[in-house]
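In this note's numbering, the protein residues as written are 21 to 121. No residue lacks a Cβ here, since even glycine has one placed at the ideal position from N, Cα and C. Everything below concerns the one structure shown next.
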């Protein structure tokens, strides 16, 4: 006599299973959002195509959703908010700055 049916066609066991699956999928997507979005790097200074007569250039920016960060293949360390500041010794002439996450 105990079928767990409240109304015709409503099964509480099926409802709990479907609700649990939806809840687990939502939790998984929420926790994987950083992987889905991917790394984001924002450079505050210098701006693109900057010209300078100085030998030393300070690079400032913010990185989000990263496991590591490198400037011209050398590791950069970020603070808890993802901010970084790194000094780079420039060669005479054109220099290419490569930041990778």
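Report task. Tell me, to the nearest whole angstrom, how far the beta carbon of residue 83 is from that of residue 102; I am working on the premise that it is less than 8 Å. Result -> Position 63 of the chain shown, counting from 1, holds the residue named residue 83. Position 82 of the chain shown, counting from 1, holds the residue named residue 102. Right, the Cβ-Cβ distance comes to about 5 Å (below 8 Å), so this counts as a contact.
Query raised in the report: How about residue 41: is its C-beta nearer than 8 Å to some C-beta of chain D?
Result: As a matter of chain content, chain D is missing from the structure shown, which is built from one protein chain.
**Report entry** Three-state secondary structure assigned by DSSP to residue 91
**Finding:** Taking the first residue of the chain shown as position 1, residue 91 is located at position 71. In this structure, residue 91 counts as strand in the three-state DSSP scheme.
Requested in this report: Note the first and the last residue of the continuous alpha helix (DSSP H) segment covering residue 111.
Outcome: By one-based count along the chain shown, residue 111 stands at place 91. Note, residue 111: premise wrong, no alpha helix (DSSP H); not H, not E.
Query raised in the report: Considering only the beta carbon of each residue, do residue 81 and residue 97 sit closer than 8 Å?
Result: Translated into positions along the chain shown, residue 81 becomes position 61. Translated into positions along the chain shown, residue 97 becomes position 77. No, Cβ-Cβ distance for residue 81 and residue 97 is not below 8 Å.
Query raised in the report: What residues match up with residue 78 in a beta bridge as DSSP calls it?
Result: Working through the chain shown from its first residue, we reach residue 78 at position 58. Answer is 107.
Query raised in the report: Taking all protein chains shown into account, do 16 or more other C-beta atoms lie within 10 angstroms of the C-beta of residue 106, making it buried, or fewer, making it exposed?
Result: Along the chain shown, read from residue 1 onward, the residue named residue 106 stands at position 86. Buried: at least 16 other Cβ atoms inside 10 Å.
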